[in-house]
Amino acid sequence: MACAHRVVCVSPSLRDRVHELGLAPAHKTVVLGSGSSNGVRRPTATDPAATTAYRNDLGLQEDSPVIGFVGRFTRDKGLAELMQAFKEVQKHVPVAQLLLIGDYEVGDPVAPEIRVLMEQTPGVIRTGFVPDAYPYYPLMQVVAFPSYREGLGLVPLEAAMHGVPSVVTDTTGAKDTVRDGATGWRVPVGDADALARALIAALTDPLEAHRRGEAGRAWVTEQFDPEIVQQRWVDYYDQLLNWQELRGRNLSKRWFDIALAGGGLIALSGPLLLLSFLVRFKLGSPVLFKQVRPGLAGQPFTMYKFRSMTDERTLDGELLPDAVRLTTFGKFLRSTSLDELPGLWNVLIGDISLVGPRPLLMSYLPLYNERQHRRHEVRPGITGWAQVNGRNTLSWEEKFDHDLWYVENHSLALDLKILVMTAQKVFQREGISANGEVTMPRFTGSNSNP
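Here's what the structure looks like:
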(Lines of atoms letter the chains of each structure in order from A and count residues from 1; the text may use other names and numbers.)
(Lines give C-alpha, C1' and ligand atoms only; values in the text may rest on other atoms or scores of the structure.)
Protein backbone atom coordinates (compact mmCIF):
# COMPACT_ATOMS: atom_id res chain seq x y z
CA MET A 1 0.00 0.00 0.00
CA ALA A 2 2.88 2.37 0.70
CA CYS A 3 3.77 2.39 -3.01
CA ALA A 4 0.20 2.95 -4.21
CA HIS A 5 -0.95 6.36 -5.37
CA ARG A 6 -4.52 5.58 -4.28
CA VAL A 7 -6.06 2.87 -2.08
CA VAL A 8 -9.75 2.07 -2.61
CA CYS A 9 -11.27 0.56 0.55
CA VAL A 10 -14.46 -1.47 0.19
CA SER A 11 -16.01 -0.07 3.38
CA PRO A 12 -15.68 3.03 5.57
CA SER A 13 -14.69 1.02 8.65
CA LEU A 14 -12.00 -0.82 6.66
CA ARG A 15 -10.57 2.56 5.68
CA ASP A 16 -10.53 3.55 9.36
CA ARG A 17 -8.71 0.31 10.18
CA VAL A 18 -6.14 0.96 7.45
CA HIS A 19 -5.44 4.34 9.05
CA GLU A 20 -5.23 2.84 12.56
CA LEU A 21 -2.65 0.29 11.40
CA GLY A 22 -0.67 2.90 9.51
CA LEU A 23 -0.95 0.96 6.26
CA ALA A 24 -1.77 4.03 4.17
CA PRO A 25 -2.17 7.75 4.93
CA ALA A 26 -5.64 9.27 4.90
CA HIS A 27 -5.09 11.31 1.74
CA LYS A 28 -4.40 8.14 -0.28
CA THR A 29 -7.48 6.21 0.80
CA VAL A 30 -10.97 6.50 -0.62
CA VAL A 31 -14.33 4.75 -0.27
CA LEU A 32 -16.62 4.93 -3.28
CA GLY A 33 -20.11 5.72 -2.03
CA SER A 34 -21.02 3.49 0.91
CA GLY A 35 -18.49 0.88 -0.19
CA SER A 36 -18.50 -2.39 -2.15
CA SER A 37 -16.31 -3.47 -5.04
CA ASN A 38 -18.98 -4.92 -7.34
CA GLY A 39 -22.36 -4.12 -5.83
CA VAL A 40 -25.15 -6.48 -4.80
CA ARG A 41 -27.34 -7.97 -7.50
CA ARG A 42 -31.09 -7.68 -7.24
CA PRO A 43 -33.06 -10.90 -6.80
CA THR A 44 -35.49 -12.09 -9.41
CA ALA A 45 -39.18 -12.16 -8.52
CA THR A 46 -39.83 -14.63 -5.69
CA ASP A 47 -41.61 -17.81 -6.76
CA PRO A 48 -43.82 -18.93 -3.81
CA ALA A 49 -43.95 -22.48 -5.15
CA ALA A 50 -40.15 -22.69 -5.34
CA THR A 51 -39.81 -21.26 -1.83
CA THR A 52 -42.27 -23.85 -0.49
CA ALA A 53 -40.32 -26.58 -2.26
CA TYR A 54 -37.06 -25.46 -0.65
CA ARG A 55 -38.75 -25.31 2.75
CA ASN A 56 -40.12 -28.82 2.38
CA ASP A 57 -36.82 -30.24 1.10
CA LEU A 58 -34.98 -28.82 4.10
CA GLY A 59 -37.59 -29.98 6.61
CA LEU A 60 -38.42 -26.47 7.80
CA GLN A 61 -41.75 -26.24 9.61
CA GLU A 62 -44.35 -23.93 8.07
CA ASP A 63 -45.00 -22.07 11.33
CA SER A 64 -41.36 -21.95 12.48
CA PRO A 65 -39.48 -18.65 12.24
CA VAL A 66 -36.06 -19.19 10.68
CA ILE A 67 -32.75 -17.60 11.61
CA GLY A 68 -30.36 -17.78 8.67
CA PHE A 69 -26.58 -17.97 8.56
CA VAL A 70 -24.71 -17.87 5.25
CA GLY A 71 -20.94 -18.29 5.02
CA ARG A 72 -17.92 -20.43 5.64
CA PHE A 73 -17.97 -22.56 8.78
CA THR A 74 -14.87 -21.07 10.42
CA ARG A 75 -14.09 -19.77 13.88
CA ASP A 76 -13.91 -16.09 12.90
CA LYS A 77 -17.45 -16.19 11.50
CA GLY A 78 -18.68 -16.23 15.10
CA LEU A 79 -20.33 -19.67 15.02
CA ALA A 80 -19.52 -20.33 18.68
CA GLU A 81 -21.49 -17.22 19.69
CA LEU A 82 -24.27 -18.10 17.26
CA MET A 83 -24.77 -21.58 18.70
CA GLN A 84 -24.76 -20.20 22.25
CA ALA A 85 -27.25 -17.50 21.25
CA PHE A 86 -29.52 -20.00 19.48
CA LYS A 87 -29.84 -22.06 22.66
CA GLU A 88 -31.08 -18.90 24.41
CA VAL A 89 -33.44 -18.10 21.52
CA GLN A 90 -35.04 -21.55 21.84
CA LYS A 91 -36.00 -20.78 25.44
CA HIS A 92 -38.10 -17.82 24.26
CA VAL A 93 -39.14 -19.06 20.81
CA PRO A 94 -39.14 -22.89 21.08
CA VAL A 95 -40.23 -23.42 17.47
CA ALA A 96 -37.40 -21.29 16.03
CA GLN A 97 -35.06 -23.01 13.59
CA LEU A 98 -31.50 -22.16 12.56
CA LEU A 99 -30.61 -22.63 8.89
CA LEU A 100 -26.84 -22.91 8.32
CA ILE A 101 -25.91 -22.42 4.67
CA GLY A 102 -22.28 -23.28 3.96
CA ASP A 103 -19.70 -25.90 4.85
CA TYR A 104 -16.66 -26.53 7.02
CA GLU A 105 -13.20 -25.33 6.02
CA VAL A 106 -9.79 -26.62 7.06
CA GLY A 107 -8.37 -23.15 7.62
CA ASP A 108 -9.48 -21.57 10.93
CA PRO A 109 -11.75 -24.53 11.81
CA VAL A 110 -14.53 -24.28 14.37
CA ALA A 111 -13.81 -25.96 17.69
CA PRO A 112 -14.83 -29.66 17.86
CA GLU A 113 -17.44 -28.97 20.54
CA ILE A 114 -19.03 -26.24 18.39
CA ARG A 115 -19.16 -28.62 15.44
CA VAL A 116 -20.99 -31.12 17.64
CA LEU A 117 -23.55 -28.45 18.57
CA MET A 118 -24.02 -27.51 14.91
CA GLU A 119 -24.69 -31.12 13.99
CA GLN A 120 -26.71 -32.32 16.97
CA THR A 121 -28.70 -29.35 18.32
CA PRO A 122 -32.43 -29.81 17.59
CA GLY A 123 -33.78 -27.18 15.22
CA VAL A 124 -30.45 -26.69 13.40
CA ILE A 125 -30.46 -27.53 9.69
CA ARG A 126 -27.34 -27.54 7.48
CA THR A 127 -27.43 -27.36 3.71
CA GLY A 128 -23.77 -27.97 2.98
CA PHE A 129 -22.10 -25.92 0.26
CA VAL A 130 -24.48 -24.17 -2.15
CA PRO A 131 -23.31 -22.16 -5.20
CA ASP A 132 -25.95 -19.46 -4.73
CA ALA A 133 -27.67 -18.49 -1.47
CA TYR A 134 -30.31 -16.30 -3.12
CA PRO A 135 -33.07 -18.97 -3.21
CA TYR A 136 -32.69 -19.45 0.56
CA TYR A 137 -33.09 -15.85 1.77
CA PRO A 138 -36.91 -15.85 1.35
CA LEU A 139 -37.02 -18.70 3.92
CA MET A 140 -35.54 -16.49 6.66
CA GLN A 141 -37.08 -14.02 9.10
CA VAL A 142 -33.68 -12.66 10.15
CA VAL A 143 -30.03 -13.25 9.24
CA ALA A 144 -27.33 -13.69 11.89
CA PHE A 145 -23.92 -12.29 10.95
CA PRO A 146 -21.72 -12.56 14.08
CA SER A 147 -18.41 -12.23 12.22
CA TYR A 148 -15.20 -11.11 13.93
CA ARG A 149 -13.90 -9.15 10.91
CA GLU A 150 -14.77 -8.44 7.29
CA GLY A 151 -13.80 -6.22 4.40
CA LEU A 152 -17.46 -5.57 3.68
CA GLY A 153 -20.01 -8.20 4.70
CA LEU A 154 -21.86 -9.26 1.57
CA VAL A 155 -24.39 -11.55 3.27
CA PRO A 156 -26.34 -8.83 5.19
CA LEU A 157 -26.49 -6.78 1.98
CA GLU A 158 -27.83 -9.74 -0.01
CA ALA A 159 -30.37 -10.42 2.74
CA ALA A 160 -31.46 -6.77 2.67
CA MET A 161 -32.00 -7.03 -1.09
CA HIS A 162 -34.62 -9.68 -0.20
CA GLY A 163 -36.17 -7.52 2.53
CA VAL A 164 -34.65 -9.65 5.31
CA PRO A 165 -33.06 -7.73 8.22
CA SER A 166 -29.77 -8.80 9.80
CA VAL A 167 -28.13 -8.84 13.21
CA VAL A 168 -24.47 -7.96 12.67
CA THR A 169 -21.47 -7.36 14.88
CA ASP A 170 -20.06 -3.86 15.29
CA THR A 171 -16.72 -4.88 13.83
CA THR A 172 -14.78 -3.79 10.76
CA GLY A 173 -16.67 -4.42 7.54
CA ALA A 174 -19.76 -5.82 9.26
CA LYS A 175 -21.09 -2.66 10.90
CA ASP A 176 -21.19 -0.88 7.54
CA THR A 177 -23.89 -3.27 6.29
CA VAL A 178 -26.61 -2.21 8.74
CA ARG A 179 -27.87 1.11 10.03
CA ASP A 180 -28.53 0.20 13.62
CA GLY A 181 -32.16 0.59 14.61
CA ALA A 182 -33.18 1.39 11.04
CA THR A 183 -32.27 -1.53 8.76
CA GLY A 184 -31.21 -4.13 11.31
CA TRP A 185 -29.41 -4.61 14.62
CA ARG A 186 -25.78 -4.21 15.66
CA VAL A 187 -24.30 -6.09 18.61
CA PRO A 188 -20.81 -6.15 20.17
CA VAL A 189 -18.46 -8.67 18.58
CA GLY A 190 -18.16 -11.85 20.62
CA ASP A 191 -21.23 -11.06 22.77
CA ALA A 192 -23.52 -14.10 22.54
CA ASP A 193 -26.04 -12.64 25.00
CA ALA A 194 -26.49 -9.45 22.96
CA LEU A 195 -26.77 -11.54 19.80
CA ALA A 196 -29.50 -13.65 21.41
CA ARG A 197 -31.45 -10.59 22.56
CA ALA A 198 -31.41 -9.08 19.08
CA LEU A 199 -32.47 -12.35 17.42
CA ILE A 200 -35.30 -12.77 19.93
CA ALA A 201 -36.44 -9.20 19.24
CA ALA A 202 -36.52 -9.91 15.50
CA LEU A 203 -38.50 -13.15 15.92
CA THR A 204 -40.99 -11.89 18.51
CA ASP A 205 -41.77 -8.60 16.72
CA PRO A 206 -42.27 -9.58 13.07
CA LEU A 207 -43.77 -6.18 12.18
CA GLU A 208 -40.62 -4.38 13.35
CA ALA A 209 -38.44 -6.95 11.61
CA HIS A 210 -40.42 -6.42 8.40
CA ARG A 211 -40.08 -2.63 8.72
CA ARG A 212 -36.32 -2.86 9.10
CA GLY A 213 -36.11 -5.36 6.27
CA GLU A 214 -37.95 -3.07 3.87
CA ALA A 215 -35.87 -0.08 4.96
CA GLY A 216 -32.77 -2.18 4.33
CA ARG A 217 -34.01 -3.14 0.87
CA ALA A 218 -34.47 0.53 -0.06
CA TRP A 219 -31.07 1.53 1.35
CA VAL A 220 -29.13 -1.30 -0.28
CA THR A 221 -30.87 -0.75 -3.61
CA GLU A 222 -29.92 2.92 -3.47
CA GLN A 223 -26.32 2.39 -2.37
CA PHE A 224 -25.23 -1.01 -3.68
CA ASP A 225 -27.11 -1.67 -6.92
CA PRO A 226 -24.42 -2.96 -9.35
CA GLU A 227 -25.10 -0.27 -11.94
CA ILE A 228 -24.69 2.46 -9.32
CA VAL A 229 -21.46 0.94 -7.96
CA GLN A 230 -20.05 0.41 -11.45
CA GLN A 231 -20.77 4.03 -12.36
CA ARG A 232 -18.88 5.14 -9.27
CA TRP A 233 -15.89 3.14 -10.49
CA VAL A 234 -16.15 4.68 -13.96
CA ASP A 235 -16.30 8.17 -12.47
CA TYR A 236 -13.31 7.41 -10.24
CA TYR A 237 -11.25 6.05 -13.14
CA ASP A 238 -12.06 9.25 -15.03
CA GLN A 239 -10.63 11.21 -12.11
CA LEU A 240 -7.48 9.07 -12.16
CA LEU A 241 -7.06 9.59 -15.90
CA ASN A 242 -7.25 13.33 -15.35
CA TRP A 243 -4.64 12.89 -12.63
CA GLN A 244 -2.38 11.06 -15.11
CA GLU A 245 -2.68 14.05 -17.43
CA LEU A 246 -1.50 16.21 -14.56
CA ARG A 247 1.52 13.92 -14.16
CA GLY A 248 2.51 14.79 -17.73
CA ARG A 249 2.37 18.46 -16.84
CA ASN A 250 4.37 17.73 -13.70
CA LEU A 251 7.20 16.20 -15.78
CA SER A 252 7.65 19.48 -17.65
CA LYS A 253 7.44 21.31 -14.35
CA ARG A 254 10.17 19.07 -12.92
CA TRP A 255 12.62 19.89 -15.72
CA PHE A 256 11.79 23.56 -15.25
CA ASP A 257 12.60 23.24 -11.52
CA ILE A 258 15.91 21.46 -12.16
CA ALA A 259 17.04 24.08 -14.66
CA LEU A 260 16.21 27.07 -12.47
CA ALA A 261 17.28 25.56 -9.14
CA GLY A 262 20.55 24.20 -10.53
CA GLY A 263 21.31 27.47 -12.27
CA GLY A 264 20.33 29.42 -9.18
CA LEU A 265 22.64 27.44 -6.89
CA ILE A 266 25.55 28.06 -9.24
CA ALA A 267 24.79 31.75 -9.79
CA LEU A 268 24.14 32.40 -6.10
CA SER A 269 27.03 30.36 -4.71
CA GLY A 270 28.86 33.54 -3.67
CA PRO A 271 25.89 35.14 -1.85
CA LEU A 272 25.05 31.78 -0.26
CA LEU A 273 28.57 31.51 1.13
CA LEU A 274 28.44 35.08 2.44
CA LEU A 275 25.04 34.51 4.08
CA SER A 276 26.38 31.35 5.71
CA PHE A 277 29.20 33.34 7.34
CA LEU A 278 26.79 36.06 8.49
CA VAL A 279 24.35 33.56 10.01
CA ARG A 280 27.21 31.80 11.78
CA PHE A 281 28.55 35.10 13.12
CA LYS A 282 25.23 36.66 14.18
CA LEU A 283 23.11 33.64 15.19
CA GLY A 284 25.58 30.87 15.90
CA SER A 285 25.70 27.26 14.81
CA PRO A 286 24.20 25.39 13.06
CA VAL A 287 23.85 27.70 10.08
CA LEU A 288 20.99 25.73 8.54
CA PHE A 289 17.58 25.15 10.07
CA LYS A 290 16.40 21.61 9.29
CA GLN A 291 12.90 20.29 9.84
CA VAL A 292 10.88 17.32 8.55
CA ARG A 293 7.89 18.46 6.50
CA PRO A 294 5.27 16.61 4.40
CA GLY A 295 5.93 16.63 0.66
CA LEU A 296 4.24 15.09 -2.37
CA ALA A 297 1.56 12.59 -1.24
CA GLY A 298 2.39 13.55 2.35
CA GLN A 299 5.76 11.80 2.26
CA PRO A 300 8.21 13.34 4.76
CA PHE A 301 11.36 15.12 3.66
CA THR A 302 13.97 17.29 5.39
CA MET A 303 13.54 20.97 4.56
CA TYR A 304 16.55 23.32 4.65
CA LYS A 305 16.50 27.05 5.40
CA PHE A 306 18.97 29.56 6.78
CA ARG A 307 18.59 29.86 10.51
CA SER A 308 16.75 33.02 11.59
CA MET A 309 16.38 32.53 15.37
CA THR A 310 18.66 32.10 18.35
CA ASP A 311 18.53 29.17 20.78
CA GLU A 312 17.73 31.30 23.84
CA ARG A 313 16.05 29.27 26.58
CA THR A 314 14.41 29.75 29.97
CA LEU A 315 16.08 28.63 33.20
CA ASP A 316 14.08 25.40 32.82
CA GLY A 317 15.64 24.73 29.44
CA GLU A 318 12.55 25.59 27.39
CA LEU A 319 12.97 27.61 24.20
CA LEU A 320 11.81 31.20 24.51
CA PRO A 321 8.88 32.32 22.29
CA ASP A 322 9.64 32.81 18.59
CA ALA A 323 9.08 36.56 18.85
CA VAL A 324 11.89 36.79 21.44
CA ARG A 325 14.35 34.57 19.57
CA LEU A 326 13.81 36.25 16.20
CA THR A 327 16.63 38.80 15.91
CA THR A 328 16.80 41.89 13.72
CA PHE A 329 19.04 40.00 11.32
CA GLY A 330 16.61 37.08 11.36
CA LYS A 331 13.73 39.41 10.53
CA PHE A 332 15.78 40.74 7.62
CA LEU A 333 16.38 37.22 6.31
CA ARG A 334 12.67 36.42 6.51
CA SER A 335 11.36 39.68 5.08
CA THR A 336 13.67 39.34 2.06
CA SER A 337 13.07 35.56 1.84
CA LEU A 338 16.85 35.05 1.83
CA ASP A 339 16.32 32.37 4.48
CA GLU A 340 14.61 30.30 1.76
CA LEU A 341 17.65 30.10 -0.55
CA PRO A 342 18.94 26.73 0.80
CA GLY A 343 15.58 25.36 -0.31
CA LEU A 344 16.94 25.43 -3.86
CA TRP A 345 18.75 22.23 -2.89
CA ASN A 346 15.40 20.68 -1.92
CA VAL A 347 14.10 21.71 -5.34
CA LEU A 348 17.10 20.24 -7.15
CA ILE A 349 16.78 16.82 -5.48
CA GLY A 350 13.01 16.70 -6.01
CA ASP A 351 11.69 17.18 -2.48
CA ILE A 352 9.84 20.34 -3.44
CA SER A 353 9.20 22.58 -6.44
CA LEU A 354 9.93 26.24 -6.98
CA VAL A 355 6.17 26.86 -6.97
CA GLY A 356 3.54 24.97 -5.01
CA PRO A 357 1.67 24.98 -1.69
CA ARG A 358 4.07 25.81 1.12
CA PRO A 359 5.15 22.73 3.13
CA LEU A 360 3.52 22.96 6.55
CA LEU A 361 4.16 20.89 9.68
CA MET A 362 3.87 17.10 9.85
CA SER A 363 1.66 17.53 12.93
CA TYR A 364 -0.97 19.24 10.77
CA LEU A 365 -1.62 16.18 8.58
CA PRO A 366 -4.13 14.48 10.92
CA LEU A 367 -6.02 17.79 11.22
CA TYR A 368 -6.74 18.15 7.51
CA ASN A 369 -10.13 17.33 6.08
CA GLU A 370 -10.33 15.39 2.82
CA ARG A 371 -10.31 18.53 0.71
CA GLN A 372 -7.31 20.03 2.49
CA HIS A 373 -5.32 16.83 1.95
CA ARG A 374 -5.46 17.54 -1.77
CA ARG A 375 -2.74 20.17 -1.36
CA HIS A 376 -0.34 17.21 -1.32
CA GLU A 377 -1.31 16.10 -4.83
CA VAL A 378 1.54 18.31 -6.08
CA ARG A 379 5.01 18.98 -4.71
CA PRO A 380 5.15 21.77 -2.15
CA GLY A 381 6.98 24.93 -3.18
CA ILE A 382 9.34 27.62 -2.01
CA THR A 383 6.66 30.08 -3.10
CA GLY A 384 3.06 29.60 -4.16
CA TRP A 385 -0.28 31.09 -5.10
CA ALA A 386 -1.12 31.77 -1.44
CA GLN A 387 2.25 33.51 -0.94
CA VAL A 388 1.54 36.06 -3.68
CA ASN A 389 -2.07 36.57 -2.55
CA GLY A 390 -1.56 37.55 1.07
CA ARG A 391 1.06 35.13 2.40
CA ASN A 392 0.91 35.02 6.21
CA THR A 393 -1.83 37.66 6.49
CA LEU A 394 -4.36 35.13 5.15
CA SER A 395 -6.58 33.00 7.35
CA TRP A 396 -5.91 29.26 7.22
CA GLU A 397 -9.06 28.65 5.18
CA GLU A 398 -8.06 31.34 2.69
CA LYS A 399 -4.61 29.82 2.43
CA PHE A 400 -6.06 26.35 1.77
CA ASP A 401 -8.45 27.78 -0.82
CA HIS A 402 -5.51 29.30 -2.69
CA ASP A 403 -3.55 26.04 -2.41
CA LEU A 404 -6.43 24.01 -3.83
CA TRP A 405 -6.93 26.49 -6.65
CA TYR A 406 -3.28 26.04 -7.58
CA VAL A 407 -3.53 22.23 -7.45
CA GLU A 408 -6.42 22.33 -9.92
CA ASN A 409 -4.98 24.99 -12.26
CA HIS A 410 -1.18 24.78 -12.16
CA SER A 411 0.85 25.18 -15.34
CA LEU A 412 4.29 26.41 -16.37
CA ALA A 413 2.78 29.74 -17.39
CA LEU A 414 1.16 30.12 -13.97
CA ASP A 415 4.44 29.17 -12.26
CA LEU A 416 6.30 31.88 -14.19
CA LYS A 417 3.62 34.40 -13.21
CA ILE A 418 3.92 33.41 -9.53
CA LEU A 419 7.72 33.68 -9.61
CA VAL A 420 7.49 37.21 -11.05
CA MET A 421 4.85 38.17 -8.48
CA THR A 422 7.01 36.67 -5.71
CA ALA A 423 9.94 38.87 -6.70
CA GLN A 424 7.66 41.91 -6.54
CA LYS A 425 6.31 40.91 -3.11
CA VAL A 426 9.83 40.34 -1.76
CA PHE A 427 10.94 43.82 -2.83
CA GLN A 428 7.77 45.29 -1.33
CA ARG A 429 8.15 43.24 1.91
CA GLU A 430 4.42 42.36 1.95
CA GLY A 431 2.55 39.71 3.95
CA ILE A 432 5.46 38.67 6.15
CA SER A 433 3.43 37.95 9.29
CA ALA A 434 -0.08 37.76 10.68
CA ASN A 435 -1.21 40.27 13.30
CA GLY A 436 0.39 39.43 16.64
CA GLU A 437 2.38 36.52 15.20
CA VAL A 438 5.93 36.04 13.93
CA THR A 439 4.52 34.26 10.88
CA MET A 440 1.17 32.41 11.21
CA PRO A 441 -0.80 31.12 14.22
CA ARG A 442 -0.79 27.34 14.58
CA PHE A 443 -3.35 25.40 12.58
CA THR A 444 -5.67 23.48 14.91
CA GLY A 445 -8.16 22.05 12.44
CA SER A 446 -10.94 23.43 10.29
CA ASN A 447 -13.55 23.42 13.08
CA SER A 448 -11.51 25.95 15.00
CA ASN A 449 -10.51 27.84 11.87
CA PRO A 450 -13.80 28.68 10.15
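Using my numbering, the first residue of the sequence shown is number 67, and each one after it goes up by one.
Beta carbons are placed, not taken as given, at the ideal position from N, Cα and C, and that holds for glycine.
For the pair of segments examined, the region 92-103 was found not to touch the region 180-193: the number of CB pairs separated by less than 8 Å stays below three. By the neighbour-count definition (other C-beta atoms within 10 Å, threshold 16), Leu261 is a buried residue. For Pro446, the three-state secondary structure derived from DSSP is coil.
In this structure, Val208 lies near Ile133, with their beta-carbon atoms less than 9 Å apart. Nearest to Glu378 by alpha-carbon distance, out of Tyr370, Pro387, Lys371, is Pro387.
Gly144 and Pro212 do touch by the CB rule: their CB atoms are close to 3 Å apart, below 8 Å. DSSP, reduced to helix, strand and coil, places Arg252 within a strand of the structure shown. Assigned with DSSP and collapsed to three states, Met487 falls in helix.
Using a 10 angstroms sphere on the CB of Arg457, the tally of other CB atoms reaches 16 or more, which defines it as buried. Contact between the region 116-134 and the region 154-174 is established, with three or more Cβ pairs separated by less than 8 Å. Arg437 places its beta carbon 9 Å or farther from that of Pro423. The region 417-431 and the region 400-407 do not touch, with fewer than three beta-carbon pairs separated by less than 8 Å.
Taking the C-beta atoms as reference points, Glu147 is found no nearer than 9 Å to Ile266. In this structure, His228 is the residue among Ser79, Gly173, Val182, His228 with its C-alpha nearest to the C-alpha of Thr112. Met206 sits in coil when the DSSP states are folded into three classes, being neither helix nor strand. Burial check for Phe135: the Cβ neighbour count within 10 Å reaches 16 or more, so the residue is buried.
Taking every protein chain shown into account, the CB of Asp405 has 16 or more other CB atoms within 10 angstroms, so this residue is buried. In the three-state reduction of the DSSP assignment, Phe211 falls in the strand class, which pools E and B.
Note on geometry: alpha-carbon atoms of Val353 and Leu407 lie some 13 Å from one another.
A distance below 9 Å separates the beta carbons of Glu224 and Tyr200. Per the DSSP secondary-structure output, Phe372 pairs in a beta bridge with Leu354. As DSSP reads the structure, Thr235 sits in a beta bridge with Val253.
As DSSP reads the structure, Thr140 sits in a beta bridge with Pro175. Beta-bridge partners assigned by DSSP to Gly168: Gly194. Scanning its chain for C-beta atoms nearer than 6 Å, with the 5 sequence neighbours on each side dropped, one finds around Trp285 the residues Thr249, in chain order. In its chain, beyond the 5 residues on either side, Leu362, Ile418, Ser419, Gly422 have a beta carbon closer than 6 Å to the beta carbon of Arg445.
In the three-state reduction of the DSSP assignment, Asp113 falls in the coil class, being assigned neither a helical nor a strand state. Cβ atoms of Gly450 and Asp467 stay farther apart than 8 Å, at about 12 Å. In summary, Pro360 is buried, with 16 or more beta-carbon neighbours lying within 10 Å of its beta-carbon over all protein chains present.
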